[in-house]
Amino acid sequence: MTDQPEVAIARWPGQAPSLQDGLADLLTSYHLQTQAEKGEAVAGVDGLPYRYRVEITDPRIVFADDIVLLALRGDTAVGCLVVTAPVDGRSEVKRLWTAPAFRGRGIASSLVGAALAHAAEIGVSAVRLSVWKWREDAIALYERLGFTVTQSWDERDQLVCMERAI
10 MTDQPEVAIA RWPGQAPSLQ DGLADLLTSY HLQTQAEKGE AVAGVDGLPY
60 RYRVEITDPR IVFADDIVLL ALRGDTAVGC LVVTAPVDGR SEVKRLWTAP
110 AFRGRGIASS LVGAALAHAA EIGVSAVRLS VWKWREDAIA LYERLGFTVT
160 QSWDERDQLV CMERAI
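The working numbering puts the sequence shown at residues 10 to 175.
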């Protein structure tokens, strides 16, 4: 595919504002969609729980120790993923999102691939993630990429925990 967006690594602090703005838009879509899927739809960012609002309004603080990956098409951010700083030899993948207009083009796979490559570079032993059980397409993607369901580390109902050795 010649139109596949590049995956850019954005490290805070010091990231260009245009990428931060693109990240905020992607995180907004992610959190609003997730709230709706939980049956707790809200009209806008102000209705989101504080922990999600702050990710959108101040990602440099929330993700200060993490790596944020953005898939870009030109100067436009079309997908994102956060790789947390390692804890006990593991990193976690969070906030994987592709803008709906760009789905089906391998963006999510590219982002996860870049996350796994980063994890290998920094020497973590495994990458883990959690995903809502109704996100069947995401679960299938993670399984194709070598993740397997594991014992839950999160008490929230309907959350599937997965892990992949590096």
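Yeah, the Cβ is synthetic: ideal placement off N, Cα and C, and Gly gets one too.
According to DSSP, simplified to helix, strand and coil, what is residue i?
{"i": "Glu-164", "result": "coil"}
{"i": "Glu-49", "result": "coil"}
{"i": "Thr-85", "result": "strand"}
{"i": "Leu-57", "result": "coil"}
{"i": "Val-133", "result": "coil"}
{"i": "Ile-175", "result": "coil"}
{"i": "Val-169", "result": "strand"}
{"i": "Leu-154", "result": "coil"}
{"i": "Ala-124", "result": "helix"}
{"i": "Ala-94", "result": "coil"}
{"i": "Arg-104", "result": "strand"}
{"i": "Arg-62", "result": "helix"}
{"i": "Arg-144", "result": "coil"}
{"i": "Arg-112", "result": "coil"}
{"i": "Ala-33", "result": "helix"}
Hey, would you say residue i sits closer than 7 angstroms to residue j, going by beta carbons?
{"i": "Ala-123", "j": "Thr-107", "result": "no"}
{"i": "Val-169", "j": "Val-140", "result": "yes"}
{"i": "Val-54", "j": "Ile-65", "result": "yes"}
{"i": "Ser-100", "j": "Val-92", "result": "yes"}
{"i": "Arg-87", "j": "Phe-111", "result": "It is worth fixing the name first, because residue 87 is Val in this sequence and not Arg. It is a contact, given that the beta carbons lie within the stated cut-off."}
{"i": "Leu-35", "j": "Cys-89", "result": "yes"}
{"i": "Gln-44", "j": "Val-51", "result": "yes"}
{"i": "Ser-119", "j": "Val-16", "result": "yes"}
In its own chain, which residues sit with a C-beta less than 6 angstroms from the C-beta of residue i, not counting the 5 before and 5 after it?
{"i": "Pro-26", "result": "Any answer about Pro-26 is weak, because its pLDDT of 41 lies below 50 and its placement is not dependable; what the coordinates show is given next. So the list is empty, once near-sequence residues are dropped."}
{"i": "Ala-174", "result": "Ala-135"}
{"i": "Pro-95", "result": "Val-133"}
{"i": "Lys-142", "result": "Gln-167, Val-169"}
What do you get for residue i, buried or exposed, if any count of 16 or more other CB atoms within 10 angstroms of its CB means buried?
{"i": "Arg-104", "result": "buried"}
{"i": "Tyr-48", "result": "It is worth fixing the name first, because residue 48 is Gly in this sequence and not Tyr. Burial call: exposed."}
{"i": "Met-10", "result": "Residue confidence is low: Met-10 scores 47 on pLDDT, short of 50, so the model does not pin down where it sits. Its coordinate-derived value is still stated next. Exposed."}
{"i": "Tyr-59", "result": "exposed"}
Among the residues of its own chain, which have a CB less than 7 angstroms from the CB of residue i, if the five just before and after it don't count?
{"i": "Gly-155", "result": "Arg-173"}
{"i": "Val-63", "result": "Val-71"}
{"i": "His-127", "result": "Ile-76, Val-92"}
{"i": "Asp-46", "result": "The question names Asp, but residue 46 in the sequence shown is Glu. Result list for Glu-46: Trp-141, Trp-143, in chain order."}
Take residue i and list the residues in its own chain whose beta-carbon comes closer than 8 angstroms to its own, dropping the five residues that flank it on each side.
{"i": "Thr-177", "result": "In this structure the chain extends from 10 to 175, so residue 177 is not present and cannot be described."}
{"i": "Leu-125", "result": "Val-136, Leu-154, Arg-173, Ile-175"}
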